[in-house]
Each structure stands twice: as structure tokens, then as C-alpha cells.
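J.: Okay, handing you the structure first.
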């Protein structure tokens, strides 16, 4: 079996910049907490604050930051700024330029969300394509085309796209000018 080496490439350096900036915010938050910890330790040493209170505040703050940072970094890692599509697989690059490759046969589903297109693969490997891509419509149509070829389910806000009520999405289609039946197209 010969594997295709032909790719379609879509990228957006603005997405990479925004994602890196969000990761840098976590670093700034960590540095701020380190400064507050030092201040709290100094006030404890001076006898202004109880060691038990300081210990509780420091421990809870760092644990909270750790949980928030881990979750946030996991979400940021799945956001791609560059994606390569072929008939056999897709490759996405996150803000650190880490490569994630998904075979189309291993993609479990596609989800169209408010933030963009989420490609869910096996082994908890996900790729999120934000709607900020300049060619987002073309990109998403190409992905859906490949997904249909491999019979990958396509969901819109958690529902299969074939079960969507068009009239609920576009109420102006429900009645024509005279109020009788569906509007003429």
C-alpha cells in the first residue's frame, strides 16, 4: 500500500501567538504567587501572621494554581496553529510546535463548538482548530469531507449534524411571507 505524501496545509501564526500569550499568563501568575508566598513567609517570620494560617494559605494557593495550570496547559496543548491534512491522516502543531498525528481511521468524532472544531482521536489525543483561521470555512469543509470518507461522526453542539433542526437554527425559514408553510428558497 502506497501512502500519500500530499498535504493541504492551513496555518495561523496569530493563533500560535495568542496561545503562547495564554501560557505566559500562567507563568506570570506563578511568579506573582511566588512573590506573595515570600511576603507571607516574611510576615510570618516577623510574627504578624500565624505559621498555621500562612502554611494553610500557601499550601491551598499552590495546590489551586497547580490544578488550574495543569488543566489550562492540557487545553492549550490541543489548540493547533498549523494543521496538515491528507487522505490518510492529519497532523497538528501546538503553540510549542509539538506535533500530534492522527490517522483518520483512529479519529472517533468531530465536534463543532462555539470555539471551533474539535477533532477527538483515540488515546485522549485531541486537536482543536479555533475559528480564528482565515480559511476556517474551507478548512472545516475539508475536514468534514475526510471524516465522511472514514465514517467519522460529526457533531454540532453535541448532536449529530443530521439530527439538527434547521428551523430552530434559522427561524426565518419556518414560514413564508403569507405565513403558510415553509419559506420558498
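Numbering (the numbering used here), first residue to last: 191 to 375.
Note that CB positions come from ideal geometry on N, CA and C, so glycine has one too.
Between the region 243-261 and the region 294-310, do three or more beta carbon pairs fall short of 8 Å?
T.: Cβ pair count under 8 Å is below three, so no.
J.: Which of the three DSSP states is assigned to residue 299 in this structure?
T.: It is a strand residue.
J.: Does DSSP put residue 191 in a helix, in a strand, or in coil?
T.: Caution is warranted here: a pLDDT of 42 is assigned to residue 191, below 50, making its placement in the model unreliable, and the coordinate value is therefore given only provisionally. Coil.
J.: Counting only runs that start and end within the region 224-311, where is the alpha helix (DSSP H) found for 4 or more residues in a row?
T.: DSSP runs (the alpha helix (DSSP H)) wholly in the region 224-311: 241-268.
J.: Tell me which residue opens and which closes the alpha helix (DSSP H) that residue 338 is part of.
T.: Taken as a continuous stretch (DSSP letters only), the alpha helix (DSSP H) holding residue 338 covers 326-339.
J.: Taking Cβ positions only, does residue 234 come closer than 8 Å to chain C?
T.: No chain C is part of this structure, which consists of one protein chain only.
J.: Alpha carbons only, please: which of 333, 271 and 322 is nearest the one belonging to residue 293?
T.: Among 333, 271 and 322, the Cα nearest to that of residue 293 is on 333.
J.: By a C-beta neighbour count over all protein chains shown, 10 Å radius and 16 as the cutoff for buried, is residue 311 buried or exposed?
T.: So residue 311 ends up on the buried side.
J.: For residue 352 and residue 330, I'd like the C-alpha separation in whole angstroms.
T.: Their backbone Cα atoms lie some 17 Å apart in a straight line.
J.: Excluding the 5 residues preceding and the 5 following residue 196 in the sequence, name in chain order all residues of the same chain whose CB lies nearer than 7 Å to its CB.
T.: So the list reads 276, once near-sequence residues are dropped.
J.: Residue 229 to residue 215, Cα distance in whole Å?
T.: Their backbone Cα atoms lie some 21 Å apart in a straight line.
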